[in-house]
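Numbering (our numbering), first residue to last: 106 to 558.
Idealized CB from N, CA, C, for every residue including glycine.
Quick caveat: nothing in here was measured; it's all calculated off a predicted structure.
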């Protein structure tokens, strides 16, 4: 694409009607002053304007912000610190790179770049050249596409976190301190300029740490296969893993009773406990959805020991809901940084059978972990789990000789309370109930039937 664009060319690159582009040009949002043509930067200006309009911000409001503080140019400077280069079409990129168009489209989709249409920037070209080199080095397309999706998802989340946290914890605090207008913009920009050079080295650091851990596991997997301790999978990515699902038993009522901020504080503490224990027992947190974590281990003994530690540490927290967990051991498929298959589903169903403080495991887990010191497996009997044709025999894993817990449970929020943590008590129909706050007591008194369970 040439450095200067006509309005019709800009329309083709952005999908925006020429008539509307003319309106934006009249407002000074796109186009260089004194010129009827457009620059490569205007392609990105249009894309940013399109996002703002979809968020309900009118073009007049965008124009006012741009006139007052160079709003669009400031954000484009953050997004493209080296400037915007003339883009290529997908067809042009395929020809330059020597890639088949369909293959390039598969990479494009895996990268999650559909929001760009078929506009290929210079940075995109660099990435595509790397993908081509990986293919030429013998890395199969199927595996490379999986890796690309992992990169896109994981680093997209990193980019979002960097931007969101800077906004909430830097920009908004400067604003709350009384800054506004150009003073706020300058202070924000100064902070941004100091932080930006740190980001990519930190991302690279954590990537290297991740590779270190993965390489240790890879070494163990190689030797285990050579020693005949494990079998090579029938298909790529097939492996034996212990899958654990762990969550908090009363998180939803807690959030309802105490609000999102308190629930987020509880979740932050629980997340720290889970991740710390998983790391020390060779586990990996694969995903987190709300208060639920999926953690995968190379063998069941570590899974049981880790999950019991999570249970013990959670139970020891003051004013904290109880954890519950389920573990299964079997063959899974590694795909796109995740684990899939029927045995993952079984682990999830087993976790659904767990009550407060319970670590429920299948017979396959008990068979492999029954020699664990100071752990006993108590038979719970056969259970029919949702979606499974056959009943499974389940066991509760618990520390040998575990003593009964002496904590009250707030019927409203589900918090477990030691004697010194009880803020209020209520005796109703011969049964005494304990509450963590006066607010939970008020909620109970207002609707006791709601919390009778």
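Kindly indicate which three-state DSSP category residue 160 falls into: helix, strand or coil?
coil
Based on the DSSP output, what are the partners of residue 193 in its beta bridges?
225
Pairwise C-alpha distance: residue 239 and residue 309:
20 Å
In the DSSP assignment, what residue or residues form a beta bridge with residue 352?
429
Ends of the beta strand (DSSP E) at residue 341?
Residue 341 -> no beta strand (DSSP E), and no H or E assigned at all.
By how many angstroms is the C-alpha of residue 360 removed from the C-alpha of residue 85?
For the chain, the structure presents residues 106 to 558; residue 85 sits outside this window and is missing.
Going by the CB atoms, is the gap between residue 538 and residue 513 shorter than 9 Å?
yes
Name the residue from 191, 174 and 173 whose alpha carbon lies nearest to the alpha carbon of residue 147.
191
Inter-residue Cα distance where the pair is residue 154 and residue 291
23 Å
Taking 8 Å as the limit between beta carbons, can you name the residues of its chain near residue 230, skipping five residues before and five after?
193, 198, 201 and 202
Thinking C-alpha only, which one of 498, 523, 179 and 130 is nearest residue 295?
179
When we look at the beta-carbon of residue 235 and count the other beta-carbons within 10 Å, is it buried (16 or more) or exposed?
exposed
My output table needs one value for residue 436: the three-state DSSP class, helix, strand or coil.
strand
Using the DSSP secondary-structure output, state which residues sit across from residue 557 in a beta bridge.
In DSSP, residue 557 forms no bridge with anything.
Assumed close pair residue 419, residue 378 - CB separation to whole angstroms, cut-off 8 Å
6 Å
Give a yes or no on whether the C-beta atoms belonging to residue 494 and residue 470 are separated by under 9 Å.
no
Under 9 Å between the Cβ atoms of residue 211 and residue 241?
no
Count the other C-beta atoms from every protein chain shown that fall within 10 angstroms of the C-beta of residue 215, then say buried if there are 16 or more, exposed otherwise.
buried
Using the DSSP secondary-structure output, state which residues sit across from residue 467 in a beta bridge.
499
Using three-state DSSP, classify residue 504 as helix, strand or coil.
strand
Based on the DSSP secondary-structure assignment, which residues constitute the bridge partners of residue 392?
399
Would you kindly work out how many angstroms separate the C-alpha atoms of residue 163 and residue 157, rounded to a whole number?
8 Å
Please determine, among 176, 262 and 350, the residue with the shortest C-alpha to C-alpha distance to residue 416.
350
Helix or strand or just coil, what does DSSP make of residue 552?
coil
Which listed residue (451, 442, 425 and 252) has its alpha carbon closest to that of residue 435:
451
Compare the C-alpha of residue 297 against each of 267, 232 and 311 and name the closest.
267
Nearest CA to the CA of residue 151: which residue from 140, 167, 251 and 532?
167
Would you report the Cα separation of residue 106 and residue 145, rounded to the nearest angstrom?
Bear in mind that the predicted position of residue 106 carries a pLDDT of just 47, short of 50, making it unreliable; the figure below should be weighed with that in mind. Their Cα atoms are separated by approximately 9 Å.
Among 402, 255 and 249, which residue has its Cα nearest to the Cα of residue 388?
402
According to DSSP, is residue 532 helix, strand or coil?
strand
Mapping DSSP to helix, strand and coil, what is residue 138?
coil
DSSP state of residue 267, grouped into three classes?
helix
Whole-angstrom distance between residue 497 and residue 458, CA atom to CA atom
11 Å
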